[in-house]
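Structure record follows, encoded as structure tokens.
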Amino acid sequence: MSKTDLKGLSQNELEDLVRRMDEPRFRSAQIFSWIYGKRVDSFDEMTNLSKEFRERLAKSATIGQLALQASETSGKDSSTKYLFKLQDGLAVESVLMPEDGHATLCVSTQVGCAIDCKFCATGKMGLQRNLSAGEILDQVLRAEELSGQPVRNLVFMGMGEPFHNYDNLLKACEILTDESGPNLSSRKLVISTSGILPKILQYADEGHKYRLAISLNATTDEQRTALMPLNKKWPIAEVIRAVKYYTEKSNQRVTFEYVLLNSVNDSVDDARRLRKLVEGLRCKINLIPYNPAVGPYSRSPNERIQAFYEQLAGLKVPVMIRWSKGDDIAAGCGQLAVAEKGR
Ligand code: SF4
6 MSKTDLKGLS
16 QNELEDLVRR
26 MDEPRFRSAQ
36 IFSWIYGKRV
46 DSFDEMTNLS
56 KEFRERLAKS
66 ATIGQLALQA
76 SETSGKDSST
86 KYLFKLQDGL
96 AVESVLMPED
106 GHATLCVSTQ
116 VGCAIDCKFC
126 ATGKMGLQRN
136 LSAGEILDQV
146 LRAEELSGQP
156 VRNLVFMGMG
166 EPFHNYDNLL
176 KACEILTDES
186 GPNLSSRKLV
196 ISTSGILPKI
206 LQYADEGHKY
216 RLAISLNATT
226 DEQRTALMPL
236 NKKWPIAEVI
246 RAVKYYTEKS
256 NQRVTFEYVL
266 LNSVNDSVDD
276 ARRLRKLVEG
286 LRCKINLIPY
296 NPAVGPYSRS
306 PNERIQAFYE
316 QLAGLKVPVM
326 IRWSKGDDIA
336 AGCGQLAVAE
346 KGR
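Using our numbering, read the sequence shown as starting at 6 and increasing by one per residue.
Okay, structure coming up:
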């Protein structure tokens, strides 16, 4: 019988587990605190549990940990890309971006991705599998341990479409924001979706506090479908309607991400259309100069980026140009991919 991985179990699931083992309910809080507070990785270290209970736990459960396979640090900006090996031999990447004594971590939610955005290296891998909640959140714990820096901000923009792994993603977020665990602030977690419409609506209805970002990347359906085939199913107007629903329901603003691809989606006309699309929405816009990854795409020259940005001036929403970190180590937006499948 395979052992239950305790890393990734919510407080409620841990309560069920200790009840089934005929232990009092408070044991689950103790175990939770050992795993996420004191960050131990063996039952022997849980010294406020009886030896007999620890032995029974060791027989039926484990505390999973991602194995570091490789890491690489950017010479330009000190961001570090970690390659973590999973139990089944597959691997995922996470990128740590330090700033002022703490760090932002770009987290993966799947091995590969089914969305197939034409400018993205992960999309080329296809989907291999979803990560478990434990595998998602352990990227944070491992990055903190390896770097010695507290991770304050999370962006779910690594490998995978987070809303294709909805339940595990939200369970990982719940544990990561638990006061007796890692205790991250909900508002410091950003979930970025390519626009999985039913999930945006569900997310709005469920009232989650984590911030939402939409990867838009184009202003006409023709253009967006060529870059992101899922646009055939959920075209731009529907995505904007869903975003409006979310912003009204949650009273939160959404971030639109727009990767600027030279002579593909970066004209002044594109900027004017983008302006029209977002006008009146509670949002902000991140313009992301492209990091060469796959396909025939290249980064827009600075003057095109500037001209695009200027067309958005005067909008009542914040507009930022976001230069990706770690682009010299293929850790920038759209560049994450594990080179050898099944490594
Ligand atoms: S950009 Fe995101 S959603 Fe699109 S293929 Fe890459 S990982 Fe998947």
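Positions of the beta carbon are idealized from the N, C-alpha and C atoms, including for glycine.
(request) Using alpha carbons as the reference points, say which of 129, 132, 109 and 191 lies closest to residue 5. (result) Residue 5 lies beyond the range of the chain shown here (6 to 348); nothing can be said about it.
(request) Find out if the Cβ-Cβ distance for the pair residue 305, residue 294 is shorter than 8 Å. (result) For the pair residue 305 and residue 294, the CB atoms are nearer than the 8 Å cut-off.
(request) Report the partner residues of residue 107 according to the DSSP bridge assignment. (result) When beta bridges are read from the DSSP output, residue 107 appears opposite 104.
(request) Can you tell me the Cβ-Cβ gap for residue 113 and residue 165, rounded? I've got them flagged as a contact below 8 Å. (result) Contact annotation, residue 113 with residue 165: C-beta distance approximately 6 Å; criterion of less than 8 Å satisfied.
(request) Count the other CB atoms, across all protein chains shown, that sit within 10 Å of the CB of residue 80; report buried if there are 16 or more and exposed otherwise. (result) So residue 80 counts as exposed.
(request) May I ask you to verify whether the region 216–232 touches the region 259–268, counting CB pairs closer than 8 Å and requiring at least 3? (result) Enough Cβ pairs lie closer than 8 Å, so yes.
(request) Scan the region 217–290 and note each continuous alpha helix (DSSP H) run of 4 residues or more that stays entirely inside, going in chain order. (result) If we require 4 residues or more, the alpha helix (DSSP H) runs fully inside the region 217–290 come out as 226–232, 241–255 and 273–283.
(request) Using the Cα positions of residue 118 and residue 39, report the straight-line distance between them to the nearest angstrom. (result) Those two C-alpha atoms are separated by around 33 Å.
(message) Considering just the uninterrupted stretch of the beta strand (DSSP E) at residue 117, what are its terminal residues?
(response) Residue 117 -> beta strand (DSSP E) spans 115–117.
(request) Within its chain, find whatever has a CB closer than 6 Å to the CB of residue 221; leave out the 5 residues flanking it on each side and keep chain order. (result) So the qualifying residues of the chain are 261 and 263.
(request) Check residue 318 in the structure and name its three-state DSSP category. (result) DSSP places residue 318 in the coil class of the three-state scheme, outside both helix and strand.
(request) Please name the residue in 239, 25, 23 and 248 whose C-alpha comes closest to that of residue 210. (result) Taking only the C-alpha atoms, the option nearest residue 210 is 248.
(request) Measure the Cβ-Cβ separation of residue 201 and residue 251 and say whether it is below 8 Å. (result) Not in contact: residue 201 and residue 251 (Cβ atoms no closer than 8 Å).
(request) Look at the Cβ atom of residue 94, then the Cβ atom of residue 10, and state whether they are nearer than 8 Å. (result) Taking the C-beta atoms as reference points, residue 10 is found no nearer than 8 Å to residue 94.
(request) Any chance you could list the residues with Cβ under 5 Å from a heavy atom of the ligand SF4, keeping chain order? (result) Cβ atoms closer than 5 Å to the ligand SF4 belong to 118, 120, 122, 125, 127, 128, 166 and 199.
(request) Using a threshold of 8 Å, state whether the C-beta atoms of residue 100 and residue 336 are closer than that. (result) Note that the C-beta distance between residue 100 and residue 336 is below 8 Å.
(request) Assuming residue 120 contacts residue 235 (C-beta within less than 8 Å), just tell me the rounded distance between them. (result) In this structure, residue 120 and residue 235 form a Cβ contact; the two beta carbons are roughly 6 Å apart against a cut-off of 8 Å.
(message) Pairs of beta-carbons, one from the region 322–337 and one from the region 75–92, closer than 8 Å: are there three or more?
(response) Contact holds: three or more Cβ-Cβ distances are below 8 Å.
(request) Have a look at 111, 253 and 275 and flag the residue whose alpha-carbon is nearest the alpha-carbon of residue 157. (result) With distances taken between Cα atoms, residue 157 lies closest to 111.
(request) May I ask you to list the residues that DSSP assigns as paired with residue 10? (result) Within the DSSP secondary-structure output, residue 10 pairs in a beta bridge with 67.
(message) Along the chain, where does the alpha helix (DSSP H) containing residue 130 start, and where does it finish?
(response) Under the DSSP assignment, residue 130 falls in the alpha helix (DSSP H) whose first and last residues are 126–130.
(request) Would you mind listing the alpha helix (DSSP H) stretches within the region 137–170 that are 4+ residues and don't spill past its ends, in chain order? (result) Counting only runs of 4 or more, we get 138–152.
(request) Check residue 92 in the structure and name its three-state DSSP category. (result) It is coil, neither helix nor strand.
(request) Would you list the residues sitting across from residue 134 in a DSSP beta bridge? (result) Answer is 116.
(request) Determine the burial state of residue 17: buried for a count of at least 16 other Cβ atoms within 10 Å of its Cβ, exposed for fewer. (result) By the beta-carbon neighbour count (other beta carbons within 10 angstroms, threshold 16), residue 17 is exposed.
(request) To the nearest angstrom, report how far apart residue 46 and residue 127 are at their CA atoms. (result) The alpha-carbon atoms of residue 46 and residue 127 are separated by roughly 31 Å.
(message) Rounded to whole angstroms, what is the Cα-Cα separation between residue 35 and residue 254?
(response) Approximately 37 Å, taken between the alpha carbons.
(message) So, under 8 Å CB-CB, residue 71 and residue 147 are touching, yes? Tell me the CB distance rounded to an integer number of Å.
(response) That pair is a contact at about 5 Å.
(request) Evaluate contact between the region 128–147 and the region 57–66, counting only Cβ atoms and requiring at least three cross-stretch pairs below 8 Å. (result) When C-beta atoms of the region 128–147 are compared with those of the region 57–66, fewer than three pairs fall below 8 Å, so the two segments do not count as touching.
(request) Go through the region 29–79 residue by residue and report every complete run of the beta strand (DSSP E) that reaches 3 residues or more, in order. (result) Those beta strand (DSSP E) runs which fall completely within the region 29–79 and span 3+ residues are 72–78.
(message) Beta-carbon within less than 6 Å of residue 186's beta-carbon, same chain only, minus the 5 sequence neighbours each way: which residues are those?
(response) Excluding sequence neighbours, residue 186 sits near 41 and 180.
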